[in-house]
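Structure first, then comments.
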Amino acid sequence: MAKKKKNATKRLLVIIGVLVVLIIVAAFAARAVLGGGDKAAEVEIEVAATRTLTQVVTASGRVQPEVEVIISPDVSGEIVALNVREGDHVAQGELLARIKPDFYDAQVEQAQASLLQSRASTSQRRAELRTAELEYNRQKTLFESGAISDADIQASENRFETAKAGLEASQYADAAANARLRESREQLAKTRIFAPIDGTVSRLNVELGERVVGTTQMTGTEMMRVAKLDAMEVEVDINENDVVNVALSDTAAIEIDAYPGREFHGMVTEIANSARVAGAGTQEQVTNFPIKIRILDPHNVAAAQAAGQMLAASAEVPGTGQPVPKFRPGMSGTVDVFAETVRDVVAVPIQAVTVRDFNAIKRDSLAKARRSRADSTAVEEVPDAEDLRRVVFVIEDGVAKMREVETGITDDTHIQITSGLSGGEQVIIGPFRAVSRTLNPEDAVTVADRNRASVARD
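If you use the numbering used here, the sequence shown closes out at 528, no skipped numbers anywhere.
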């Protein structure tokens, strides 16, 4: 019984030993098959070619009139007449509203009475001056004949000078009363509010009978806005990194959310000098510059016809054959500003350009050289600091070659290469992970079959 048990144990040990040997052999075989040599990485390529590139700056914003006047009253009071409704077209000088004038009428009457009283006082002072002057001249004659003393002539002279000063003060009071009258008349006139420009009432914030506050006292009530709706623009915020590429008169393509599928022509008319900063002092701080793009296509037929303008298409704004749009202030839109165009330049897909640390590449190359020589002698000292440069990888004889490049402008898909490529090179554009991280100079590569066919067709 003990002998059988011992034989079974031996057989089990033999079987375990055989299994271990098989596993080791299989591991070495797999290593020989899979890792015995450097396998070529499969990549995608595109030929560097000459193109025309247009740099596009994209931003979102809102439609607004080029000219919009905010109307607030200069005087306070109750609205007793409101002659317009929102959307009405008005001509310059047309009466828009009236504020109750009773208080200001009373102010005019009070100023008129004050002026009359001042004028009467002036006449009285003038008569007193004549009396004082006659008395002084009479006293002067008596003094010269020795009939009166020095004290008498001095008293007479003082009365004459006092009367003269009193007349002068009365004349100043007369001028002040006259100024108050003019002011009160101007206040009365400001109870009638007229249209400052030809345009459309784009916003009406008050109703008949409502009380408004004049701007002479505080900010004032915004009663309405009058705008030129036949001349609209889009205001967008451009990031500080992109605003340097935008210039006045740059053309633009405008898409308005209310008119999907339609593209309108635009032109940059204004670029702000001061930035709008959002989230100042935080990690989310954003610095943008507002720019304005005029809509060149004919729009807002009713407003243009009311203003007596023609809506004929010009060479600058070709007709589209579609209905003329009606833009309203506040509509959302997206603008593509065509900032710069370069022609016949070498360009590659944007994803082909990446960044490599040249110092790290040198360190790796030296490490491989030392391993191949089986010594640890440092041939060259490489700085620890990063030396980042823009590069692309091209295929030469089945090997990836790294080329340092300088770049120019970009469009949606391609980037200009100003130096480093001459055109015609097979540039590696993917996979993204390989181009951006794992691909190294002198790595063996092969072109994917589907990509090779597409390059051949191009």
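Just so you know, even glycine gets a beta-carbon here, dropped at the ideal spot from N, CA and C.
Grab me the residues of residue i's own chain with a C-beta within less than 7 Å of its C-beta, minus the 5 sequence neighbours each way, in chain order.
{"i": "A129", "result": "V306, D307, I308, V405"}
{"i": "L458", "result": "V425, D427"}
{"i": "P171", "result": "L258, T261"}
{"i": "E227", "result": "Y206"}
{"i": "R473", "result": "V461, V462, V464, G490, L491"}
{"i": "Q209", "result": "I218, D222, I223, S226"}
{"i": "E456", "result": "D427, N429"}
CB-CB under 6 Å to residue i, same chain, minus the five flanking residues each way: which ones, in chain order?
{"i": "E203", "result": "F230"}
{"i": "A518", "result": "E112, E114"}
{"i": "V103", "result": "The pLDDT assigned to V103 is 41, lower than 50, so where the model puts this residue is not dependable, and the model offers no usable value."}
{"i": "A181", "result": "R250, L251, S254"}
{"i": "F213", "result": "I223"}
{"i": "K260", "result": "D144, V145"}
{"i": "E280", "result": "I149"}
{"i": "Q162", "result": "A265, I267, D268"}
{"i": "Y329", "result": "P395"}
{"i": "S219", "result": "none"}
Pick from the options: whose alpha carbon is nearest that of residue i?
{"i": "V475", "options": "D482, D467, D454, V497", "result": "V497"}
{"i": "R277", "options": "G500, A409, I149", "result": "The question names Arg, but residue 277 is Glu in the sequence shown. Closest option to E277, Cα to Cα, is I149."}
{"i": "V338", "options": "N275, R281, K362", "result": "K362"}
{"i": "R295", "options": "V271, N311, V314, M302", "result": "V271"}
{"i": "E136", "options": "F397, L123, A417, A247", "result": "F397"}
{"i": "F334", "options": "N343, E340, I324", "result": "I324"}
{"i": "I420", "options": "P395, T483, T352", "result": "T483"}
{"i": "T291", "options": "L123, A161, S146", "result": "S146"}
{"i": "G331", "options": "Q392, N358, N510, D312", "result": "Q392"}
{"i": "Y206", "options": "G500, S215, A225, V515", "result": "A225"}
{"i": "R196", "options": "A301, N358, R346, K234", "result": "K234"}
{"i": "A239", "options": "E310, S191, A328", "result": "S191"}
{"i": "F173", "options": "E256, L318, A437, N228", "result": "E256"}
{"i": "A460", "options": "L436, A439, R440, I487", "result": "Looking at the sequence provided, one finds Arg at residue 460 rather than Ala. Nearest option by C-alpha distance: I487."}
{"i": "D312", "options": "A345, D300, L436", "result": "A345"}
{"i": "M401", "options": "D327, I141, N153, T120", "result": "D327"}
Going by other Cβ atoms of all chains shown within 10 Å of its Cβ, with 16 needed for buried, is residue i buried or exposed?
{"i": "Y242", "result": "exposed"}
{"i": "G157", "result": "exposed"}
{"i": "G490", "result": "buried"}
{"i": "P388", "result": "Residue placement at P388 is flagged as unreliable, the pLDDT there being 47, under the threshold of 50; the coordinate-derived value follows with that caveat. Under this definition P388 is an exposed residue."}
{"i": "R413", "result": "exposed"}
{"i": "V407", "result": "buried"}
{"i": "A383", "result": "For A383, the predicted structure reports a pLDDT of 41, less than 50, and the residue's modelled location is therefore unreliable. A value from the coordinates is still provided. It counts as exposed."}
{"i": "A385", "result": "Bear in mind that a pLDDT of 39 at A385, under 50, signals an unreliable position, so the number given afterwards is only what the model happens to contain. Its Cβ having fewer than 16 others within 10 Å, A385 is exposed."}
{"i": "A265", "result": "buried"}
{"i": "D320", "result": "buried"}
{"i": "N343", "result": "exposed"}
{"i": "V347", "result": "exposed"}
{"i": "D48", "result": "The structure shown does not extend to residue 48, since the chain spans only 71 to 528, so no value can be given for it."}
{"i": "G336", "result": "buried"}
Please say whether residue j and residue i have beta carbons closer to each other than 8 Å?
{"i": "Q125", "j": "T480", "result": "yes"}
{"i": "N275", "j": "M293", "result": "yes"}
{"i": "G284", "j": "D144", "result": "yes"}
{"i": "A38", "j": "V452", "result": "Nothing about residue 38 can be reported from this structure: the residues present for the chain run from 71 to 528 only."}
{"i": "I465", "j": "T477", "result": "no"}
{"i": "A409", "j": "V127", "result": "yes"}
{"i": "D179", "j": "G236", "result": "Sequence inspection shows Glu at residue 179; the Asp mentioned does not correspond to that position. Contact flag unset, no."}
{"i": "A118", "j": "G468", "result": "no"}
{"i": "A470", "j": "D513", "result": "yes"}
{"i": "R273", "j": "R168", "result": "no"}
{"i": "V316", "j": "I341", "result": "yes"}
{"i": "A417", "j": "L166", "result": "no"}
{"i": "A247", "j": "S188", "result": "yes"}
{"i": "E11", "j": "F359", "result": "Because the chain in this structure spans residues 71 to 528, residue 11 falls outside the shown range and cannot be described."}
{"i": "E116", "j": "I365", "result": "no"}
Can you give me the start and stop residues for the alpha helix (DSSP H) that residue i sits inside?
{"i": "K210", "result": "172-214"}
{"i": "T232", "result": "220-259"}
Grab me the residues of residue i's own chain with a C-beta within less than 8 Å of its C-beta, minus the 5 sequence neighbours each way, in chain order.
{"i": "G349", "result": "Q355, V356"}
{"i": "A72", "result": "Because the pLDDT of A72 is 49, which lies under 50, any placement of that residue in the model is unreliable, and the number read from its coordinates should be weighed accordingly. Once the five neighbours on either side are set aside, A72 has no close Cβ partner at all."}
{"i": "A100", "result": "Confidence at A100 is low in this model, with a pLDDT of 46, below 50, so the placement of that residue is unreliable and no value is reported for it."}
{"i": "K298", "result": "P135, E136, V137, E138, I267, D268, G269, T270, A373, A377"}
{"i": "L185", "result": "D244, A247, N248, R250, L251"}
{"i": "T411", "result": "T122, L123, T124, Q125"}
{"i": "T201", "result": "A233"}
Could you tell me the boundaries of the beta strand (DSSP E) in which residue i lies?
{"i": "V394", "result": "No beta strand (DSSP E) contains V394, which DSSP labels as neither H nor E."}
{"i": "D312", "result": "Here D312 belongs to no beta strand (DSSP E); instead the alpha helix (DSSP H) covers 310-313."}
{"i": "N358", "result": "356-365"}
{"i": "S489", "result": "484-489"}
{"i": "T339", "result": "334-341"}
{"i": "G269", "result": "269-274"}
{"i": "D406", "result": "402-419"}
{"i": "R460", "result": "458-466"}
{"i": "R426", "result": "424-427"}
Cβ of residue i versus every heavy atom of the ligand GDP: is any distance shorter than 7 Å?
{"i": "R208", "result": "The ligand GDP is not part of the structure shown, which contains no ligands of any sort."}
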